[in-house]
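Please read the structure below before turning to the comments.
There are 2 protein chains.
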Amino acid sequence: MQFYSKRNLNFLLNEVFNIEHLSKYPLFSDHNKETYDMVLSACEDIATNKLQPLLVEMDRNAPEFVDGRIKVHPAMKDLMKEFGEGGWISAPLSYEEGGQQMPYMIFNATMFIMGAANYSVAAYPFLSAGAANLIRSFATDTQKKYYLSKIYSGEWQGTMALSEPEAGSSLGDITTSATPTNEGHYLIKGQKVFISCGDYDGVENIVHMMLARIKGAPKGTKGISLFIVPRLREDGNGGLEFNDVITGGVFHKMGYKGAPIAHLITGENDDCRGYLVGDANKGLNCMFQLMNEARIAVGFNATSIASAAYYASLQYCRERTQGRRTGHYSDEPVLIIEHADVKRMLLFQRSIIEGSLGLLIECSRYADLTRVTSGAEQKKYHDLLGLLTPIAKSYPAEMGCLSTSAAIQCLGGYGFTEDFLPEQFYREARIHPIHEGTTAIHGMDLLGRKIAKDQGATLRILIAEITTTIQQASTHEKLEKIAKELGITLEKLVDVTMNLTMMGMQGEYEPFLADATLYLEAFGIVIIAWQWLKQGIVAVEKTDGSEDSFYQGKIYTMEYFYKYELPKTRALLTSLKSNSKVTIEMQDAHFE
Amino acid sequence: MQFYSKRNLNFLLNEVFNIEHLSKYPLFSDHNKETYDMVLSACEDIATNKLQPLLVEMDRNAPEFVDGRIKVHPAMKDLMKEFGEGGWISAPLSYEEGGQQMPYMIFNATMFIMGAANYSVAAYPFLSAGAANLIRSFATDTQKKYYLSKIYSGEWQGTMALSEPEAGSSLGDITTSATPTNEGHYLIKGQKVFISCGDYDGVENIVHMMLARIKGAPKGTKGISLFIVPRLREDGNGGLEFNDVITGGVFHKMGYKGAPIAHLITGENDDCRGYLVGDANKGLNCMFQLMNEARIAVGFNATSIASAAYYASLQYCRERTQGRRTGHYSDEPVLIIEHADVKRMLLFQRSIIEGSLGLLIECSRYADLTRVTSGAEQKKYHDLLGLLTPIAKSYPAEMGCLSTSAAIQCLGGYGFTEDFLPEQFYREARIHPIHEGTTAIHGMDLLGRKIAKDQGATLRILIAEITTTIQQASTHEKLEKIAKELGITLEKLVDVTMNLTMMGMQGEYEPFLADATLYLEAFGIVIIAWQWLKQGIVAVEKTDGSEDSFYQGKIYTMEYFYKYELPKTRALLTSLKSNSKVTIEMQDAHFE
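Okay, here's the thing in structure tokens:
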């Protein structure tokens, strides 16, 4: 069962984003298309042969909480070892650090492939990679030496431990406390919830990158520190002993069941040691590195799930016969892929998936470029990545729910049954608008922080990038009209942006951000339209070549996006321009 | 746990639609507000005390296929008896037939209440009522006498058996055959799938209203006949014997697990007797009666599920503290219901639910009026009901998926867990855009049949109704602006309708119907906006009274709909006006 398109991934990496350009930088100079292809093929092998076969099994046999520990699918033990040994966790690191100096464009693509085969499994190594990256960036050499090799080898699992029962979206309200001791470590006490891979029986140890508040620290986000809190700690004799991180339970959830989400209780016996990473009270700044990586990862994995659902529905549409194109029973029935409305549902999915993947690879490219550039150039890529991160996370997350729903719809009644995969993907997709910051949080991040922070300077850089694409497209007769449409929509978006930020500058905090979620959605559609135009340019330029049907399909999908998706901005911008303040004015008592 | 609003139901039945007006007709003259309230209260008791407690249990313990039969939750046996004895299945019938001459406005409201408490359970009696209604309308007196009392008493279950493995949306392609015999009955042979309540161990017998094709019948929909096919038939000695209706299995599905969906195999031993109902080859015409009732029922139940999810999320939003309205950590955290974006998500749900419920009660009113009027007046209500049925089914069905999704989102991470109800409602809601005709089928029904069939005559009657509401609203200063917005949107919709039907008249079948799903969506938004304006008029007129916060809440929810939902027609109408024929032109080979 196909779960992603190798051809499309190649198209994006090589034809649209020309990954080999990176080879001019020393960090990536050993790589070229051949080495990338080898990595991607090896990844596809694992995904196909080891991950996908477990997809349904893991859904039907969710992790259980037994005798104080979480039991997951037994295959996870070998898989983590394989991820470690194969270098799948450490690939982006330098050679000196034991890595392969892999661009994120490729590393993230491997995460995409694995996520499309089995999202739950793909979550484990990603979390380890992110946690290890935090240690690399901010921990002491001793800490690095102790933890990194174990995490990269897959022997130990890394996690990010942020949320608490009373502090989810509002991280500044976490209450887990860290009390300094004379031995250098802190004593941690508090509860953490929704910790992905926060405990399970497939690895020797779990290393939590945990946010806590040092006694006496300032209120809010400026009083949060980052700690390494392992489940088992050094016992002083080269062994490990329990670090008072008790597993309180596992959350039973709607989908994505193969990965355990834990409830953790630290310091119940006042013996949980945490090791400060970075400066005291600067923990959230450090954590943002991991959070941003995780947000891009969510975007990739939301796209992965949508991709797997798309190919499942595409296959069905190519096998199922039903109805006529003409409506006359005297004609022979046709495959349902011949019906315009079915093609519309398939094109919807494809436009979401390939548009999102374009943006995500663009973001990965920015991440790679920040590694090899400096000064103003580096700042540009860094800022663009920051500005686009809320879109790269939220657009695929929100649209992934609708895309997997369309996959179900293609199958009719069968789509609602467990006999086919789309219903599972529909359940799995629903986590993405929630974790790593809800969609509302990302709307506020985009409008209230990323756009407002530098008076729109980064936004203007992004607009320049989009305008370049529009100009390029305008030279092609086939693209002129849609390039113009994008330009007009962009102008309207900028208009609305100015109105909103004006309110923000005038101190009208609530009206400024009340509809940030809608703003995020409109912004997202414009960004994906930009990505489609980029892809369209390449497709139009190549469409006379030998692979006509691929490029022709690309052009049709772009056309779909401009006919059916871009107009949605009209509705959103109309709402954003409305004078009504209904969501601010209505009070609790008015709800029934 | 609240699952629906009694206050709102009262508002719609009495204040908006003035149900007591029906009392002027002899059929309903014994009823008044008091008798209706008694019925609704009794229904709420059953829903609260018997149905809702089983909600989660039934989801976690889905029906199983054991020894050739489907085992459902053991409580169903007593519940069906209770539904029968309490008159919940037969309420709309005349006194002579053993009913209570209940208006559909009330009968459907009871279905709504029960569906909000436990949709799966509510499906059983509804299907029996619909099947019995078909027998009442089209069967012989002998058949009526034999089947009806058993079905109305809850001893036997009625079903509608249409779909086959190779014929779902395309009913004209069913192949189940009916061979005439000399004894008056037919021998039935074929397979049926997705038969709700098609077999289970809680009733003595199951009576299928089954479509089959008499040997030699014309191809397509004009060769389909309707049969009563009981699971057990008369044995000639006053007992029952097996009628060769074998249960092939139960479908395992994503939600709505309390109701079994069966696979049936008839005539495997050439001994399945079917009894013709109505004229040969006219079966589909008969079945449309039940299909239309079922479509309205789907609308109600989609709204039920959304309602239950809304109240679950509302309760959470009133208990959960998180974040500040100002963004400053120095301020005290607030209940999340104070955040504009959370209110937006609650208002979204409420606007869908109460707008849909308004339309559904309006449709029920039309159904009641067709029972007591005649001639041109009856035709008017009949035609309006027919025109609005695809909307009344599809709008709540499609929006119910998004509404339950918003309920999840209100709960953040907890919304994705089985510890709270919204995730179950999200899974249950997803069936509704599929069964009783997919959304695409309803789009084609609306545009290709209901609007086109009389050259827009019924549409013009509907436009006159909407225009009357707009004129009424325009006399209120508070409603003037939004009334005008509805008028403008309606005009644009009519414009697009003319363009599309023109294509249809010119024989361009595919372009005419290619975007019928979008047309249905746009039409649906306009209709719900109309319903909100109706409700708004009453609320504005009453807002100086004692119940201010209820009416004020109504006005805010209407305002929400006009700010956030009505503008969505701009996107849809733009797409509908586009010249692009991408979904027609793109071919199978272009999909990747």
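As they're listed, the protein sequences go chains X and V. Following the working numbering, the numbering of the first sequence begins with 16 at its first residue and continues without gaps. Following the working numbering, the numbering of the second sequence begins with 16 at its first residue and continues without gaps. From the three backbone atoms N, C-alpha and C, an ideal C-beta is built for every residue, glycine too. Nothing here was measured: the structure is a model prediction, and the numbers come from that model.
Identity of the residue in the options nearest residue i by Cα
{"i": "residue 76 of chain V", "options": "V/111, V/31, V/268", "result": "V/268"}
{"i": "residue 92 of chain V", "options": "V/139, V/265, V/62", "result": "V/139"}
{"i": "residue 36 of chain X", "options": "X/118, X/521, X/515", "result": "X/118"}
{"i": "residue 187 of chain V", "options": "V/228, V/202, V/193", "result": "V/228"}
{"i": "residue 462 of chain X", "options": "X/536, X/256, X/244, X/277", "result": "X/536"}
{"i": "residue 2 of chain V", "options": "X/360, X/32, X/538", "result": "Nothing in the structure corresponds to residue 2 of chain V, since chain V is present only between 16 and 607."}
{"i": "residue 354 of chain X", "options": "V/25, V/596, V/47", "result": "V/596"}
{"i": "residue 249 of chain V", "options": "V/161, V/147, V/488", "result": "V/161"}
{"i": "residue 628 of chain V", "options": "V/344, V/115, V/99", "result": "Any question about residue 628 of chain V goes unanswered here, given that chain V covers just 16 to 607."}
{"i": "residue 369 of chain V", "options": "V/400, V/339, V/326", "result": "V/326"}
{"i": "residue 547 of chain V", "options": "V/528, V/568, V/534, V/315", "result": "V/568"}
{"i": "residue 459 of chain X", "options": "X/423, X/402, X/588", "result": "X/402"}
{"i": "residue 527 of chain X", "options": "X/238, X/23, X/513", "result": "X/513"}
{"i": "residue 406 of chain V", "options": "V/509, V/157, V/533, V/95", "result": "V/533"}
{"i": "residue 362 of chain X", "options": "V/107, V/71, V/603", "result": "V/603"}
{"i": "residue 242 of chain V", "options": "V/332, V/293, V/263, V/266", "result": "V/293"}
Any chain X beta carbon closer than 9 angstroms to residue i
{"i": "residue 575 of chain V", "result": "yes"}
{"i": "residue 234 of chain V", "result": "yes"}
{"i": "residue 564 of chain V", "result": "yes"}
{"i": "residue 597 of chain V", "result": "yes"}
{"i": "residue 546 of chain V", "result": "no"}
{"i": "residue 411 of chain V", "result": "no"}
{"i": "residue 228 of chain V", "result": "no"}
{"i": "residue 619 of chain V", "result": "Past the edges of chain V, shown from 16 to 607, lies residue 619 of chain V, and the structure says nothing about it."}
{"i": "residue 384 of chain V", "result": "no"}
{"i": "residue 344 of chain V", "result": "yes"}
{"i": "residue 249 of chain V", "result": "no"}
{"i": "residue 348 of chain V", "result": "yes"}
{"i": "residue 431 of chain V", "result": "yes"}
Nearest-angstrom Cβ-Cβ length linking residue i and residue j, presumed shorter than 8 angstroms
{"i": "residue 323 of chain X", "j": "residue 18 of chain X", "result": "4 angstroms"}
{"i": "residue 364 of chain X", "j": "residue 351 of chain X", "result": "Not a contact, Cβ separation roughly 14 angstroms."}
{"i": "residue 27 of chain X", "j": "residue 372 of chain X", "result": "6 angstroms"}
Residue i - partner residues in DSSP beta bridges
{"i": "residue 277 of chain V", "result": "V/210, V/265"}
{"i": "residue 171 of chain V", "result": "V/220"}
{"i": "residue 291 of chain V", "result": "V/242"}
{"i": "residue 249 of chain X", "result": "X/255"}
{"i": "residue 80 of chain X", "result": "X/85"}
{"i": "residue 225 of chain V", "result": "V/176, V/242"}
{"i": "residue 205 of chain X", "result": "X/281"}
Cβ of residue i within 9 angstroms of any chain V Cβ
{"i": "residue 59 of chain X", "result": "no"}
{"i": "residue 486 of chain X", "result": "no"}
{"i": "residue 352 of chain X", "result": "yes"}
{"i": "residue 255 of chain X", "result": "no"}
{"i": "residue 355 of chain X", "result": "yes"}
{"i": "residue 178 of chain X", "result": "yes"}
{"i": "residue 531 of chain X", "result": "yes"}
{"i": "residue 463 of chain X", "result": "yes"}
{"i": "residue 23 of chain X", "result": "yes"}
Cross-chain neighbours of residue i in chain V, by beta carbon under 9 angstroms
{"i": "residue 582 of chain X", "result": "585, 586, 587, 588, 589, 590, 593"}
{"i": "residue 534 of chain X", "result": "Residues of chain V passing the Cβ test: none, with the nearest at roughly 11 angstroms."}
{"i": "residue 341 of chain X", "result": "524, 525"}
Listed by chain order, chain X residues near residue i by CB distance under 8 angstroms
{"i": "residue 286 of chain V", "result": "Residues of chain X passing the Cβ test: none, with the nearest at roughly 28 angstroms."}
{"i": "residue 423 of chain V", "result": "445, 449"}
Partners in chain V for residue i, counting only beta-carbon separations shorter than 8 angstroms
{"i": "residue 571 of chain X", "result": "597, 600, 601, 605"}
{"i": "residue 578 of chain X", "result": "590, 593, 595, 597"}
Chain X contact residues for residue i, given Cβ-Cβ distances below 7 angstroms
{"i": "residue 277 of chain V", "result": "Per Cβ cutoff of 7 angstroms: no residues; residue 277 of chain V is ~12 angstroms from chain X at best."}
{"i": "residue 358 of chain V", "result": "598, 601"}
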